[in-house]
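Residue numbers (my numbering): 116 to 337.
Structure representation (structure tokens):
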């Protein structure tokens, strides 16, 4: 059913309870180590053996990225770009939901940084224009960008998703917790000892201890 403005309520077709149309990851640390080689070699009892260091560093990166994705929690900064349609503009004030931000990130000091809020205007050819930082605020209680004065009147009405926000989620304080790092070492041990797809005759799942250690820190999805 359309609302009084003639718009179909957002999320009716996609079941997306938030008002972003889509988002993409635009930057992520792909070389910085989290678990040290000393921690890894002690875990694997590889004392004095440096012949596998490059392989172990590759495993460490895979482990770190898996834990970041599993928990939805950045261990190193991750940047995103999200897009919004015109339906997002009918709230008063305009509130734009940020995907991939958990409540733990929100209240972490400096946890979320809004890099830019831009929109496609009605110029010909279309130009993407950045709003002044004074035109919006970040609401950590709801993981939203709020525009108290709304968007400029020349927002393009033809572009599918004319509003674009770029933001960075900084390292979460939980990444330093010993329980998180121990889960990383357990997972790395599993990958080191099982270098091919596991079968019925071998371990089929990640060791139970990894999930048991991480589960209390995984945000609930409502």
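Don't be surprised by glycine CBs; every beta carbon is placed ideally from N, CA and C.
**OP:** Throw me the rounded Cβ distance for the residue 133 and residue 214 pair, which I believe falls under 8 Å.
**Re:** Counted from its first residue, the chain shown places residue 133 at position 18. Counted from its first residue, the chain shown places residue 214 at position 99. Indeed, because the Cβ distance is near 7 Å, the residues count as touching under 8 Å.
Original post:
Where residue 220 and residue 291 are concerned, what is the direct C-alpha to C-alpha distance, given to the nearest angstrom?
Top reply: Along the chain shown, one-based indexing puts residue 220 at 105. Along the chain shown, one-based indexing puts residue 291 at 176. For residue 220 and residue 291, the distance between alpha carbons rounds to 14 Å.
Original post:
Is the beta carbon of residue 332 sitting closer than 8 Å to the one on residue 161?
Top reply: For this step, residue 332 is matched to residue 217 along the chain shown. For this step, residue 161 is matched to residue 46 along the chain shown. No; because the gap between Cβ atoms is not below 8 Å, this pair is not in contact.
Original post:
Are the CB atoms of residue 258 and residue 189 nearer to each other than 8 Å?
Top reply: In the chain shown, counting from the first residue as 1, residue 258 sits at position 143. In the chain shown, counting from the first residue as 1, residue 189 sits at position 74. It is not a contact, given that the beta carbons lie outside the stated cut-off.
Original post:
Which runs of the beta strand (DSSP E) spanning at least 3 residues fall entirely within the stretch 137–174, listed in chain order?
Top reply: Counting whole runs of 3 or more residues, the stretch 137–174 contains the beta strand (DSSP E) stretches 137–143.
Original post:
Buried or exposed: where does residue 141 fall if 16 or more other Cβ atoms within 10 Å of its Cβ makes it buried?
Top reply: Counted from its first residue, the chain shown places residue 141 at position 26. A residue is called buried when at least 16 other Cβ atoms come within 10 angstroms of its Cβ; residue 141 does not meet this threshold and is exposed.
**OP:** Could you tell me if residue 179 is buried or exposed, where buried requires 16 or more neighbouring beta carbons within 10 angstroms of its beta carbon?
**Re:** On the chain shown, residue 179 is found 64 positions in, with the first residue counted as 1. Buried, because 16 or more other Cβ atoms sit within 10 Å of the Cβ of residue 179.
**OP:** Taking only the alpha-carbon atoms, compute the straight-line gap between residue 294 and residue 278 and give it to the nearest angstrom.
**Re:** Along the chain shown, read from residue 1 onward, the residue named residue 294 stands at position 179. Along the chain shown, read from residue 1 onward, the residue named residue 278 stands at position 163. Using only the alpha carbons, I get a separation of about 40 Å.
Original post:
By how many angstroms is the C-alpha of residue 309 removed from the C-alpha of residue 170?
Top reply: Counting from one through the chain shown, the residue named residue 170 turns up at place 55. Counting from one through the chain shown, the residue named residue 309 turns up at place 194. CA-to-CA, the gap between residue 170 and residue 309 works out to about 14 Å.
**OP:** In the DSSP assignment, find the alpha helix (DSSP H) that holds residue 298 and state where it starts and stops.
**Re:** Sequence index remark: in the chain shown, residue 298 carries index 183 (1-based). From DSSP, the alpha helix (DSSP H) with residue 298 extends over 293–308.
**OP:** Give the DSSP-derived three-state secondary structure of residue 178 in the structure shown.
**Re:** On the chain shown, position 63 is the one that residue 178 refers to. It is helical.
Subject >> Inter-residue spacing [alpha-carbon to alpha-carbon] between residue 135 and residue 274 >> reply: Translated into positions along the chain shown, residue 135 becomes position 20. Translated into positions along the chain shown, residue 274 becomes position 159. Answer to the nearest angstrom: the Cα atoms are 14 Å apart.
**OP:** Would you kindly work out how many angstroms separate the C-alpha atoms of residue 229 and residue 155, rounded to a whole number?
**Re:** In the chain shown, residue 229 corresponds to position 114, counting from 1. In the chain shown, residue 155 corresponds to position 40, counting from 1. Distance between the alpha carbons of residue 229 and residue 155: 35 Å.
Original post:
In three-state DSSP terms, what is residue 124?
Top reply: Taking the first residue of the chain shown as position 1, residue 124 is located at position 9. Here the model assigns residue 124 a pLDDT of 41, short of 50, so the residue's position is not dependable and the matter cannot be decided.
Original post:
What residue does the beta strand (DSSP E) around residue 278 start on, and which one ends it?
Top reply: To locate residue 278, count along the chain shown from 1; it is residue 163. Residues 278–284.
Original post:
On the three-state DSSP scale, how would you describe residue 87?
Top reply: Since the first residue of the chain shown is 116 and the last is 337, residue 87 is not available in this structure.
Subject >> Distance, residue 174 Cα to residue 205 Cα >> reply: For the purposes of this step, residue 205 is taken as the residue at position 90 of the chain shown. For the purposes of this step, residue 174 is taken as the residue at position 59 of the chain shown. The C-alpha of residue 174 is placed about 47 Å away from the C-alpha of residue 205.
**OP:** Go ahead and label residue 268 buried or exposed: buried means 16 or more other beta carbons lie within 10 angstroms of its beta carbon, across all protein chains shown.
**Re:** As a position in the chain shown, residue 268 is number 153, starting the count at 1. Taking all protein chains shown into account, residue 268 has fewer than 16 neighbouring C-beta atoms within 10 Å of its C-beta and is therefore exposed.
Original post:
Per DSSP, what kind of secondary structure is residue 325 in: helix, strand or coil?
Top reply: Sequence index remark: in the chain shown, residue 325 carries index 210 (1-based). Note: residue 325 maps to helix in three-state DSSP.
**OP:** Could you check if residue 177 is buried or exposed, using at least 16 other CB atoms within 10 Å of its CB as the buried criterion?
**Re:** As a position in the chain shown, residue 177 is number 62, starting the count at 1. So residue 177 ends up on the exposed side.
Original post:
Does the beta carbon of residue 244 fall short of 7 Å from some heavy atom of the ligand ZN?
Top reply: Because no ligand of any kind appears in the structure shown, any question about the ligand ZN cannot be addressed here.
Subject >> Coarse secondary structure for residue 184, derived from DSSP in three states >> reply: Mapped onto the chain shown, residue 184 falls at position 69. Looking at residue 184 - three-state DSSP - the assignment turns out to be helix.
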